Amino acid sequence: MFAGCGRQEDYDVLTKLGEGTFGEVHKAVHREKGTAVALKRILMHNEKEGMPVTALREIKILKALHHPCIIDILDMFILKSQGKDSPLSVYMVFPYMDHDLAGLLENERVKLSPSQIKLYMKQLLEGTEYMHRNHILHRDMKAANLLISNTGSLKIADFGLARAYDPSIVDVKEDFRGKERKYTNCVVTRWYRPPELLLGARQYGGEVDMWGIGCVLGEMFSRKPILPGSSDLDQLDKIWQLCGTPNERSWPGFDTLPGCEGVKRFSNYPRRLRNFYEMIGPETVDLLDKLLTCNPRERINAEEALDHDYFWTDPLPADPKTLPRYEASHEFDKRGRRNQAPIGPPGMPQPMDGHPRPLPMPLAHGPPMHMNNRRPPPPREAFRNGPPPQHYGGPSQGPPPAPYPPYPPAGYGPPPHRYPGPMLPVQNAAPIYLRPGQPPPQIAPWQQPGPRPAHLPPRPPVPMNRAPGGFPNNGNPSYNGGPTQLNYG
């Protein structure tokens, strides 16, 4: 992290990457080092009142968090524009990243495979679990704030609405009313805002981020925001249409929230999420169903999501080294893509168009994704500490290079989603190779040596195990793609 402030003269500005109410973001190059960076400009509209509290929070939180799936802040500098009434500008410097997820999904030449989506989801949940374990809420989880490099690295960015929270003040799984400390509900971009915030809840925790992650997961398959409401009431109606109108059985006490005052009753819709998304596979739709649960007390958290069957079934997360390289794709710049030929892996199932709905069968490129390569998955005990980090799901053709391990080898590091905590600063943790008292798992019948019975399907291919050695970054494996490039907040 930076020790002091830099200077504007250290950077050559190239192109604009984005803009918003906070200011602008530009791509630049550090003159001395030659590295690409992103400069986020924060406008000081009223210098007498000092720096905006959102900017102070963002800087403080980013300096405290250290995780490979969360953006870093490299430098800062202050610039006084010429002119008597010109506002003071504060610039935050981040490493440059090639894409944001919203830009990738808008790029018609980019086709995301199921294993690629799983890789991005894994990194997103790892970063979120780390934040929540250290009592930080992001409060603006959306595709445009997820930054992706051509080496397959995903970073959570834009902490302008983030804040620290005390889980002892409100634990929605125990008491939705919590204590007297209240937070603002004017957070999270509307299309990714959970129903409890739309209904005026002011006591909440990490579950508000998990709803946004569910919206992002659905968006990666639909290629468009799945709940594009035009107003808060329309947003609620779209949520009820997909996730079902809540009642006292599914969400006890929801009608006591401030947003329900004056509403005689909402339109009654059944829950249809599983039907809308049945083509993406049973494990995927089950995770999506648990993320988009209206009752925040029942919504899955990040640690539980990382242990979901979705990450333990074929296909495994893609190997970042095998991903195609895409042209720079940011939400701000979508020009010149409409009439270009698609790039990416061939034979990809076509994504859904617009609002999620069932697609006709069969799909244009073959059977549904969850029906491809249906072979017995490995027993969960085979990867008790997570899949080997440099070996991910790959092509399923051909004989398997090696059988699944009968038990985790001694060289495995801790699971990638296990981090020390709970309070900042995070200290380095000694690697934990096996869970205490864990018995050696039984070898599945289809893994027994000898000739394979004819009635069983072929063994699925699984890469060799990682060579013994610990993991950097507090037990989180890094993706062998060199220095991860970052976007900006």
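What the sequence shown shows, in my numbering, is residues -3 to 485, in sequence order.
Here a beta-carbon is modelled for each residue, glycine too, at the ideal position from N, C-alpha and C.
These figures come from a predicted structure and were not determined experimentally.
- Message: With DSSP as the reference, identify every bridge partner of Asp228, one or two as the case may be.
- Response: Bridge partners of Asp228: none, in fact.
- If you count every other CB in all the chains shown that lies within 10 Å of the CB of Gln501, and 16 or more means buried, which is it? As shown, the chain starts at -3 and ends at 485. That puts residue 501 outside it, with no answer to give.
- Message: Rounded to the nearest angstrom, what separates Val9 and Arg37 at their Cα positions?
- Response: For the pair Val9 and Arg37, the Cα-to-Cα distance works out to about 12 Å.
- Task: Check the C-beta distance from Gly46 over to Leu133 and give it rounded, since I have them as a contact under 8 Å.
- Result: The beta carbons of Gly46 and Leu133 sit about 23 Å from each other, so the pair does not count as a contact at 8 Å.
- Message: Let's test the definition: count the other Cβ atoms within 10 Å of the Cβ of Met367 and tell me whether it reaches 16, buried, or not, exposed.
- Response: Low confidence applies here, because Met367 scores a pLDDT of 36, under 50, leaving its location unreliable; read the following figure in that light. Per the 10 Å Cβ criterion, exposed.
- Measure the CB-CB distance between Ala34 and Val21 and report whether it falls below 8 Å. Yes, Cβ-Cβ distance for Ala34 and Val21 is below 8 Å.
- Considering Val49, what are the terminal residues of the alpha helix (DSSP H) in which it resides? Per DSSP, Val49 belongs to the alpha helix (DSSP H) from 49 to 60.
- Query: Who are the Cβ neighbours of Pro224 in its own chain at under 6 Å, not counting the five residues just before and after it?
  - Reply: Here the set comprises Trp187.
- Message: Can you list, in chain order, the residues of its chain with a C-beta nearer than 8 Å to that of Ile74? Leave out the 5 residues immediately preceding and following it.
- Response: In the same chain as Ile74, and ignoring 5 residues on each side of it, the C-beta atoms closer than 8 Å to its own belong to Cys1, Leu84, Ser85, Val86, Tyr87, in chain order.
- Look at the Cβ atom of Leu194, then the Cβ atom of Gly156, and state whether they are nearer than 8 Å. For the pair Leu194 and Gly156, the CB atoms are not nearer than the 8 Å cut-off.
- Message: Please classify Gln231 as buried or exposed, where buried requires at least 16 other C-beta atoms within 10 Å of its C-beta.
- Response: Buried, because 16 or more other Cβ atoms sit within 10 Å of the Cβ of Gln231.
- Task: May I ask which residues mark the beginning and end of the alpha helix (DSSP H) holding His22?
- Result: Unbroken run through His22 is the beta strand (DSSP E), 19 to 26; no alpha helix (DSSP H).
- Item | Three or more C-beta pairs below 8 Å linking the segment 298 to 306 and the segment 115 to 122 | Inter-segment contact for the segment 298 to 306 and the segment 115 to 122 is present: three or more beta-carbon pairs are separated by less than 8 Å.
- Within its chain, find whatever has a CB closer than 6 Å to the CB of Asp305; leave out the 5 residues flanking it on each side and keep chain order. Same-chain partners within the cutoff: Glu279.
- Message: Here's the rule I'm using: 16 or more other beta-carbon atoms within 10 Å means buried, otherwise exposed. How should Ser164 be labelled?
- Response: Of the other Cβ atoms in all chains shown, fewer than 16 fall within 10 Å of the Cβ of Ser164; this residue is therefore exposed.
- Task: For Arg321, I'd like the list of residues in its chain whose CB is within less than 7 Å of its CB, leaving aside the five on either flank, ordered along the chain.
- Result: Excluding positions up to five away in sequence, the list reads Asn146.
- Message: As a quick exercise: from Thr185, Glu294, Lys23, pick the residue whose alpha carbon is nearest that of Thr11.
- Response: Measuring from the Cα of Thr11, the nearest candidate turns out to be Lys23.
- Unbroken beta strand (DSSP E) run spanning Lys114, endpoints: Not the beta strand (DSSP E): Lys114 falls in the alpha helix (DSSP H), residues 110 to 129.
- Just reading off the alpha helix (DSSP H) that Lys178 is part of, what are its end residues? For Lys178, there is no enclosing alpha helix (DSSP H), as DSSP marks it with neither H nor E.
- Item | Sub-8 Å separation of Gly240 and Tyr273 beta-carbons | Not closer than 8 Å, so no.
- Take the Cβ of Lys118 as the centre, count every other Cβ of all protein chains shown within 10 Å, and call the residue buried at 16 or more, exposed below. Result: buried.
- The beta strand (DSSP E) spanning Ile66 covers which residue range? For Ile66, no beta strand (DSSP E) encloses it, and the DSSP letter there is neither H nor E.
- Query: Using CA coordinates, which residue listed in Gly30, Asn271, His131 is at the minimum distance from Gln237?
  - Reply: Of the candidates Gly30, Asn271, His131, the one whose C-alpha sits nearest the C-alpha of Gln237 is Asn271.
- Message: Quick check: does the Cβ of Pro191 come within less than 7 Å of any heavy atom belonging to the ligand ADP?
- Response: Absence of the ligand ADP is noted for the structure shown, with no ligands found whatsoever.
- Continuous beta strand (DSSP E) stretch holding Arg91: start and end: Just to set this straight, residue 91 is Pro in the shown sequence, not Arg. Unbroken beta strand (DSSP E) run through Pro91: 84 to 91.
- Item | Endpoints, alpha helix (DSSP H) assigned at Ile209 | First-last of the alpha helix (DSSP H) with Ile209: 203 to 218.
- In this structure, does DSSP put Ala32 in helix, strand or coil? If DSSP states are grouped into helix, strand and coil, Ala32 belongs with the strands.
- Query: Hey, how far is the Cα of Asp94 from the Cα of Pro248?
  - Reply: Spanning the two alpha carbons is a distance of roughly 44 Å.
- Message: Pop quiz: Ala158 and Glu54 are said to be a contact at Cβ under 8 Å. What is the actual Cβ separation, rounded to whole angstroms?
- Response: Contact flag correct, Cβ pair sits at about 7 Å.
- Query: CB Ile67 to CB Ala153, shorter than 8 Å?
  - Reply: For the 8 Å CB-CB criterion, Ile67 and Ala153 form a contact.
- Hey, how far is the Cα of Ser149 from the Cα of Lys317? Between Ser149 and Lys317, the C-alpha separation is close to 10 Å.
- Could you say which of Lys138, Glu28, Arg267, Pro292 lies nearest to Lys220 if we only look at CA atoms? Taking only the C-alpha atoms, the option nearest Lys220 is Lys138.
- Query: Excluding the five sequence neighbours on either side, which residues of its own chain have a C-beta within less than 7 Å of the C-beta of Asn181, listed in chain order?
  - Reply: Excluding residues within five positions, the ones whose Cβ falls inside 7 Å are Leu193, Gly196, Ala197, Arg198.
- Query: In angstroms, rounded to a whole number, what distance separates the CA positions of Asp303 and Glu323?
  - Reply: C-alpha separation (whole angstroms): 33 Å.
- Can you tell me which of the three DSSP states Asp251 falls into? If DSSP states are grouped into helix, strand and coil, Asp251 belongs with the helices.
- Task: Jot down the residue ranges of each uninterrupted alpha helix (DSSP H) in the segment 293 to 325, minimum 4 residues, whole runs only, in chain order.
- Result: Listed in chain order, they are 298 to 302.
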